[in-house]
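Residue numbers (the working numbering): 2 to 573.
C-beta atoms are modelled at their ideal positions from N, C-alpha and C, and glycine is treated no differently.
Below: the structure, in structure tokens.
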């Protein structure tokens, strides 16, 4: 109880606090003093208000992030599982009962003497809609996801993160139930787009929510936890392994009923554990500047429930409690257009887009390769195991080690943390992504002479590269432009999905024309070309930030000036 009392700043009774640091030199936007005199600083600088998301107790932050993970895991697993069921839908819309896959060895239907099998040619020859249109079930949601970010982020700035995320959750499971009851390919595709619109919150809002309530020295771990948590691994493995069995026994519609039912539970977890996290901060606060009165040896202001009021049940569970920011939302749209052409943002979009395109193309074609390699349909679910094996490595490379590396670089730089330090954590993901493309393409091209394990290793490498790069680049863009976090995330989240869609929606047709190795060699080449620009971004990134965003100086916030009436004026 005594410890709890010490958290609150009773300015009239406490010792004199230190005044804000008003004469600190200007810094480039995004550059922060993470360490000062050997002490770790809080960046962003929290306020004395108990309702500030940065002041949430650790258990509340963990509960909120875990609920987001549950929601995100279902969204990611739905994408991975549906992409692997393209052979099922090819049969369904050709008028053939997909349950036949459980009794027939499709690879045995290949003409005698043909060794270099392209399994997609076989699927394309069974009649029904063209294979590229059926593949829209996996690829078109990417486009919908990308477009949705342009609406979701400004809306979350205007009315808050929580109401937008809750509405998106409803759309996600509603779209799933619609897909389960659809009676045509067009209706099925439309339902998938609605489902993707709801799941788009994972791409657009989760990085913003992490920024709202997590300090920068912890963000890599928090972001990697979202993308690689074992909750996600458990869900992907369970649904992935069970999906062929469910399809063969009960039908693919039951898979949608199960995933949508779980999505309802995930939505209820969001209602219970994710509070509103939108909080207006100045440039100085975002940069970790000392704009509040601090006591000696402390790196954050003490909570002042007397002045600002305590945190309540309505603070935790309510919506719209922080008011509306329609003007800020309007400015964010303008900032989105302005930041879209920043060189470093364009490069991040390009790298992310290629990873999404590669992941999408591999997801659409991988199951067909395994069938051609002799896998039985009921064992196809095991193809998700490499993704699950990759998740702890993502947590390690993109989370724990990433924070260690960037914080160590900051200490060596005199305590100054540059966002470009995060780019060092991108080297390994890029290498794995390139290697994964080559392995996947080679295994797909030579299904009868190359062991199927090579394909699974390729999937592992692609997944590790994709998820780690997604984590690292999200943190990088937020730290580069903290005052424009929403707009830059809109650009990255939207354009990577749109470009990823363009680069993957015809993937099956390209593979039919060029073969697996030819198609994935192109993906690998483009990714390698983008990787060559990493040193350029690392060296010149700070200059780019200075030219595009300028500098920021220390000055006391309005809240601090009001606070000074209570604290500073007592000992002037």
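The segment 477 to 495 and the segment 330 to 344 touch, with three or more beta-carbon pairs separated by less than 8 angstroms. Considered as a whole, the segment 334 to 382 harbours no complete run of any beta strand (DSSP E) with no fewer than 3 residues.
Taking C-beta separations shorter than 6 angstroms and ignoring five residues to either side along the sequence, the partners of residue 320 in its chain run 163, 164, following chain order.
Between the alpha carbons of residue 249 and residue 206 lies a gap of roughly 36 angstroms. Going by DSSP, residue 286 is part of the alpha helix (DSSP H) stretching over 284 to 287. Remark: C-beta atoms of residue 87 and residue 326 do not approach each other more closely than 7 angstroms. Residue burial is scored here from C-beta neighbours: residue 313 has fewer than 16 other C-beta atoms within 10 angstroms and is therefore classed as exposed. For residue 98, the number of other beta carbons within 10 angstroms of its own is below 16, and it is reported as exposed. CA-CA distance, residue 361 to residue 306, rounds to 49 angstroms. According to the DSSP assignment, residue 455 belongs to the alpha helix (DSSP H) that extends over 453 to 481. If you look at residue 214, you'll find it in the alpha helix (DSSP H) that goes 207 to 214.
In the structure shown, the three-state DSSP call for residue 42 is coil. Excluding residues up to 5 positions away in sequence, 220, 221, 224, 423 lie with their Cβ nearer than 6 angstroms to the Cβ of residue 476 in the same chain. In the DSSP assignment, residue 549 falls within the unbroken alpha helix (DSSP H) covering 535 to 550. The distance from the Cβ of residue 406 to that of residue 426 is about 6 angstroms, consistent with a contact at the 8 angstroms cut-off. Comparing alpha carbon positions, the residue from 252, 386, 500 closest to residue 101 is 252. DSSP, reduced to helix, strand and coil, places residue 421 within a helical segment of the structure shown. Taking all protein chains in view, the Cβ of residue 454 is surrounded by fewer than 16 other Cβ atoms within 10 Å, so the residue is classified as exposed.
Collapsing the DSSP output to three states places residue 67 in a helix. Looking from the CA of residue 37, the closest CA among 289, 345, 442, 531 belongs to 289. Where residue 316 is concerned, the enclosing alpha helix (DSSP H) starts and stops at 314 to 318. Residue 83 is positioned such that its CB atom lies no closer than 7 angstroms to that of residue 173. Across the set 509, 517, 429, the C-alpha of 429 shows the shortest separation from the C-alpha of residue 398.
In this structure, the CA atom of residue 516 is about 34 angstroms from the CA atom of residue 537. Burial state of residue 272 is exposed, judged by a 10 Å Cβ sphere holding fewer than 16 other Cβ atoms.
Ranked by Cα distance from residue 42, the options 170, 89, 412 are led by 412. Counting the other CB atoms within 10 Å of its CB gives residue 373 a total of 16 or more, which places it among the buried residues.
Apart from sequence neighbours up to five positions away, the residues of its chain that approach residue 246 with a beta-carbon distance below 8 angstroms are 379, 382, ordered along the chain. Taken through DSSP and simplified to helix, strand or coil, residue 300 comes out as coil.
Linking residue 167 to residue 201 through their CA atoms gives a straight-line distance of about 12 angstroms. If you check the CB distance, residue 257 and residue 180 come in under 7 angstroms.
Taking C-beta atoms as the reference points, residue 263 and residue 65 fail to come closer than 7 angstroms. A Cβ-Cβ distance of about 6 angstroms is found for the pair residue 142 and residue 194, placing them in contact under the 8 angstroms criterion. When only Cα atoms are considered, residue 541 and residue 421 end up about 9 angstroms apart.
Rounded to the nearest whole angstrom, the CA to CA distance from residue 410 to residue 32 is 13 angstroms.
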